[in-house]
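Below: the structure, in structure tokens.
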Amino acid sequence: MTRTVSYDNTFGMADLAVYASLMADDNKDQINRLKRNLTHALRQDVTQRQREYMILYYGRNMSMEAIARQCGVNKSTVSRTLKRGRQRLYRCLRYGAANLLEQAES
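In my numbering, the protein residues as written are 1194 to 1299.
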């Protein structure tokens, strides 16, 4: 027995799939630009310690406790350092993204 799926039974899922596919292509350039800006901001606008903690926390999925033990500092120091690094990145990406993009491309 062959069962056919009518458009009415899909609740617009076909349209949603087509839309998602089209949007993925549209967003690819923006995502690539954001990645470049983030990489540049990590190199230029956060301190060495902030960058190190961010790589351990976000890149290697280490807990703040584990980072604190490894680096010989308190957990609160790791937390504050990560917060300040995120704030710097946010400001940089929010207000300086155009300049970063120009610098990165030249």
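We put the beta carbon where it would ideally sit given N, CA and C, even for glycine.
Here's the rule: buried if 16 or more other CB atoms are within 10 angstroms of the residue's CB, otherwise exposed. What is G1278?
Sequence index remark: in the sequence shown, residue 1278 carries index 85 (1-based). So G1278 counts as buried.
Exposure of T1274, with buried meaning 16 or more beta-carbon neighbours within 10 Å
In the sequence shown, the residue the question calls residue 1274 occupies position 81. Looking at its Cβ environment, which holds 16 or more other Cβ atoms inside 10 Å, T1274 is buried.
In three-state DSSP terms, what is N1220?
Here residue 1220 refers to the residue found at position 27 of the sequence shown. It is helical.
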